[in-house]
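Numbering (full-length UniProt numbering), first residue to last: 1 to 203.
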């Protein structure tokens, strides 16, 4: 697998979604599960890793870094709250990549103290995914973040469509994450194909 990460980055909440979108061509996918029993989460992570391994795709495990280590994942994503409890040294010792969410300059400064492998910025546009205490960042902030983080990949998230994703890539983002625009589509696989066409041609 190339060290360069694919620009199309769907975020899903089950191994079934991982199977569907990897089958549709996703090469980088995040498993983000909230408020489920640990045994269920572990099962979903294990199944998702197997699906991705068979397709030469990369799975990013959101939050559950201990399960990610136990199950042999290569990549975790940590929110700012996750950083409070995460054992970064243990994650690094296990050889995992670490991505960190940011919304403010203070959060960016904090994230950079752990030398992350990638930084996420959002929401770029308003999002219905969850209540956000942060105003939309806008495209200009992408350039500011990219200048601050150097060679690390910058992930843009929040309110994206294929057209907006292209604009984010043009503004300096390396990867564009999506939830509702694909998962909520009438035909998620067809929508994923639109995303792939828009983002890989810009990469």
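We treat Cβ as the ideally placed atom computed from N, Cα and C, and that holds for glycine.
Is it the case that the region 178-196 contacts the region 143-156, given that we only count it when at least three CB pairs across the two stretches are under 8 Å?
no
For residue 11, which three-state DSSP category applies?
Along the chain shown, one-based indexing puts residue 11 at 11. DSSP places residue 11 in strand when its eight states are reduced to three.
Please go through the same chain and pick out, in chain order, the residues whose beta-carbon is closer than 6 Å to the beta-carbon of residue 122, but skip the five residues on each side of it.
One-based indexing of the chain shown puts residue 122 at position 122. Cβ neighbours of residue 122 beyond the five flanking positions: 157 and 158.
Check this for me: beta carbons of residue 142 and residue 95, under 7 Å apart or not?
Translated into the one-based positions of the chain shown, residue 142 becomes position 142. Translated into the one-based positions of the chain shown, residue 95 becomes position 95. It is not a contact, given that the beta carbons lie outside the stated cut-off.
Residue 98 bridges to which residues according to DSSP?
Along the chain shown, one-based indexing puts residue 98 at 98. Beta-bridge pairing links residue 98 to 76.
Can you tell me where the alpha helix (DSSP H) with residue 44 in it begins and where it stops?
Residue mapping note: residue 44 aligns to position 44 of the chain shown, counting from 1. Segment 38-54, the alpha helix (DSSP H) holding residue 44.
Near residue 2, which residues of its chain fall below 7 Å by C-beta distance, leaving aside the five closest residues on each side in sequence?
Position 2 of the chain shown, counting from 1, holds the residue named residue 2. Legend: pLDDT at residue 2 = 38, less than 50; position of this residue unreliable, no value from coordinates given.
Tell whether a beta-carbon distance below 7 Å holds between residue 22 and residue 51.
For the purposes of this step, residue 22 is identified with residue 22 of the chain shown, where counting begins at 1. For the purposes of this step, residue 51 is identified with residue 51 of the chain shown, where counting begins at 1. Cβ distance < 7 Å, so residue 22 and residue 51 count as in contact.
Pull up the distance between the alpha-carbon of residue 79 and that of residue 100, whole angstroms please.
Locating residue 79 in the chain shown gives position 79, counting from the first residue. Locating residue 100 in the chain shown gives position 100, counting from the first residue. Distance between the alpha carbons of residue 79 and residue 100 is about 6 Å.
Helix, strand or coil for residue 58? Go by DSSP, reduced to three states.
In the chain shown, counting from the first residue as 1, residue 58 sits at position 58. Three-state result, residue 58: strand.
May I have a chain-ordered list of the alpha helix (DSSP H) segments no shorter than 4 residues that lie completely inside the region 156-184?
162-171 and 180-183
If distances are taken between C-alpha atoms only, which option among 8, 20 and 5 comes closest to residue 187?
Residue mapping note: residue 187 aligns to position 187 of the chain shown, counting from 1. With distances taken between Cα atoms, residue 187 lies closest to 20.
CB contact flag (residue 161, residue 7, <7 Å)
To locate residue 161, count along the chain shown from 1; it is residue 161. To locate residue 7, count along the chain shown from 1; it is residue 7. No, these two residues do not count as a Cβ contact at 7 Å.
Below 8 Å on the Cβ atoms is my guess for residue 59 versus residue 98; work out the distance and round it to an integer in Å.
To locate residue 59, count along the chain shown from 1; it is residue 59. To locate residue 98, count along the chain shown from 1; it is residue 98. Contact flag wrong, Cβ pair sits at about 14 Å.
Please report the distance separating the alpha-carbon of residue 106 from that of residue 88.
Reading the chain shown from its first residue, position 106 is the one you call residue 106. Reading the chain shown from its first residue, position 88 is the one you call residue 88. Near 19 Å, if we compare the C-alpha coordinates of residue 88 and residue 106.
What residues are listed by DSSP as bridge partners for residue 30?
As a position in the chain shown, residue 30 is number 30, starting the count at 1. DSSP lists 11 and 60 as partners of residue 30.
6 Å Cβ shell around residue 196 - same chain, five flanking residues per side excluded:
The count along the chain shown starts at 1 and reaches residue 196 at position 196. Hits under 6 Å: 8 and 25.
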